[in-house]
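Enquirer:
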Amino acid sequence: MLVFFFYERNFMILPSTTCRLIQPTFKYYSQMATSVNKILCPPTSVKEMMELEKDKFSKLIEFPSIKIPTKLVNRIAGLPLFNKYRLECLPRLKEEKEEIIGQIEKQINSKVEFEKFCYLMEYEDWTTKNCLKAILPENVEFSGFEQCGHIIHLNLREKLLPFRFVIGRILLDKIQRTRTVINKLDSLTHDYRIMDVELLAGDADYATEVTENGIRYKLDYSKVFWNSRLITVHSKTVEQFDQNSVVFDVFCAYGNDLNPSAIDFLKQNAKLNKISEDKIEGFVLNGAEFIQKIIPEKIYFHCKELKKEKLTNLVFHVVMNLPGYSAEHLPYFCGFLSKFEEIRNLFENNSFSILVHCHFFVKGHDDVPMSWYDKEAKKIVCEKMGMEDVEIKELFFNRKVSTRKNMYCARIILPCKYIFDKNKEMGKEIEENFVENEIKNEDELKIKRRKIV
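The opening residue of the sequence shown carries number 25 in our numbering; numbering runs sequentially from there.
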């Protein structure tokens, strides 16, 4: 329950557990649900406002009040009484006021009575939620936002677009540390996955810094791609690594391919986080080339080095977190180590292994239970790898994308026989199919990414 404190000079709304008094006397109010929510909201004159006019948010509200001496407030604030009575409407106060008065008088040993107190609520007093709900049409709700440093990024639905500038101004005023509010204009079709955005409020300053999993990242929204909502997905993957892990990121969402700015930020952020240059390496290649050319050479090199150190039970991690295309790249692992028979025994005796973290979409054509999506996810992995059964260490639901579209992650342990397969025809067919698809879908298939080892 929220309690209202009206001081002579200040207005505060605080949880009852954080009561603090700064005046000799104060007035104590309980928030009442349904009817009070209609009272404690901006005036209806702001409905469907297209341009922010702060003075129109002013509203004089009359509250029932009880004066209590400051020195006695601690006796009152923690009373079970205020948990017992959740007043649903103002008229009900008449029914309960005698017990409320009785309980308070018993605690402070003094007579008290209900009074009326008027307070002018202004734009600064209303919450972000209050303001947004008040300006939007009935049955139109604000869809939320992503905050990246000082930047608030919106992806407004069509019904919200007429109100985008007033929404932007409210967020700029109400959300702490905000200096820039932008709205995404279209889907990510640029080669570098850079968003086309519209500035709604504040400064056109897109350079910022964020922290994720204890790592600091400098970035520029106008030059590279970033999505703070993927932090949970990233965290689950990072939890699989240890200090000896060698990680290959096939589709690195932050440092995008062929993007000079992304390469610059990669170097800056490595230095910012005090990561030595020999621990991270960037490549400008498409996903298929990276899997078939770079990863095998790096695995071969690390196997020889780690063998000298007599380390065992080591895992090479391959992260594929571009769900639209990740599963399509699973066949490229077939035979990708066939040129390095020298290290085959290390995988046969399970000294080393390769774990692929594959994020992909599962689409349903009808309304089906979640169990269908689980089975379909495993079926997709098996079909793409051309195997009847695949050793999947973990298969889990990531998030719901739309009504019949879910995102899954499969952690796949690549079989030794599969990665050392010498079926040249299969490898050739895969390469030809990739080239053909890339030519046919040049605008659609933007799968080139900078790879991080």
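Heads up, the beta-carbon is just placed ideally off N, CA and C, and yes, glycines get one too.
Please read all numbers here as calculations on a predicted model, not as lab measurements.
1. Relative to the alpha-carbon of residue 68, which residue among 94, 158, 93, 380 has its alpha-carbon at the smallest distance?
2. Tell me whether residue 304 sits in a helix, a strand or coil according to DSSP, three-state version.
3. In chain order, which continuous runs of the alpha helix (DSSP H) of length 4 or greater are located wholly inside the region 247-293?
4. According to DSSP, is residue 33 part of a helix, a strand, or is it coil?
5. Determine the contact status of residue 345 and residue 383, defining contact as a CB-CB distance below 8 Å.
6. Residues in the same chain with beta-carbon distance under 8 Å from residue 404, minus the five sequence neighbours each way, listed in chain order, please.
7. Would you say residue 401 touches the ligand NAD, meaning its beta carbon is less than 7 Å from a heavy atom?
8. Of the residues 360, 410, 339, which one's Cα is nearest the Cα of residue 375?
9. Do residue 169 and residue 178 have their C-beta atoms within less than 8 Å of each other?
10. Which residue's Cα is closest to the Cα of residue 228: 259, 274, 176?
11. Take residue 349 as the anchor and find which of 275, 263, 64 has the nearest alpha-carbon.
12. Entirely within the region 146-177 and at least 3 residues each: give me those beta strand (DSSP E) ranges in chain order.
13. In whole angstroms, give me the CA-to-CA distance for residue 418 and residue 199.
14. Verify whether the separation of the beta carbon atoms of residue 272 and residue 362 is less than 8 Å.
15. Compare the C-alpha of residue 72 against each of 185, 87, 95 and name the closest.
16. Any idea which residues DSSP pairs residue 225 with across the strands?
17. In the region 377-459, which residue ranges form an unbroken beta strand (DSSP E) of at least 3 residues, counting only runs that do not cross its ends?
18. Span of the alpha helix (DSSP H) holding residue 101?
19. Residue 326 lies in the alpha helix (DSSP H); which residues open and close that run?
20. Locate the beta strand (DSSP E) running through residue 76, then write down its first and last residues.
21. Can you look up residue 347 in the DSSP assignment and give me helix, strand or coil?
22. Does the Cβ of residue 393 have 16 or more other Cβ atoms within 10 Å, making it buried, or fewer, making it exposed?
23. Report all residues from its chain with a CB closer than 6 Å to the CB of residue 406; omit the five preceding and five following residues, and keep chain order.
24. What three-state label does DSSP hand residue 89 in the structure shown?
25. From this set, 236, 150, 313, 88, which residue's C-alpha is nearest residue 140's C-alpha?
26. Answer yes or no: do residue 237 and residue 221 have a C-beta to C-beta separation smaller than 8 Å?
27. Would you check if there are 3 or more beta carbon pairs closer than 8 Å linking the region 126-146 to the region 75-88?
28. If distances are taken between C-alpha atoms only, which option among 325, 365, 226, 430 comes closest to residue 203?
29. By how many angstroms is the C-alpha of residue 97 removed from the C-alpha of residue 150?
30. When burial is assigned at 16 or more other CB atoms within 10 Å of the CB, is residue 192 buried or exposed?
31. I need the straight-line Cα distance from residue 188 to residue 180, nearest angstrom please.
32. Identify which residue in 148, 135, 289 has its Cα closest to the Cα of residue 195.
33. Verify whether the separation of the beta carbon atoms of residue 341 and residue 265 is less than 8 Å.
34. Alpha helix (DSSP H) containing residue 190: first to last residue?
35. What's the C-alpha gap between residue 416 and residue 270?
Expert: Based on what the coordinates show:
1. 158
2. coil
3. 255-262
4. Only weak support exists for where residue 33 lies, its pLDDT of 32 falling under 50; the value from the coordinates is given anyway. Here residue 33 sits in coil by DSSP.
5. yes
6. 351, 384, 386
7. Only the bare structure without any ligand can be found here, which leaves the ligand NAD out of the picture.
8. 339
9. yes
10. 176
11. 275
12. 170-172
13. 39 Å
14. no
15. 185
16. 205
17. 416-426, 429-437
18. 97-101
19. 319-332
20. Element bounds for residue 76: n/a, residue is neither H nor E.
21. coil
22. exposed
23. 414
24. strand
25. 88
26. no
27. yes
28. 226
29. 26 Å
30. buried
31. 8 Å
32. 148
33. yes
34. 188-198
35. 20 Å
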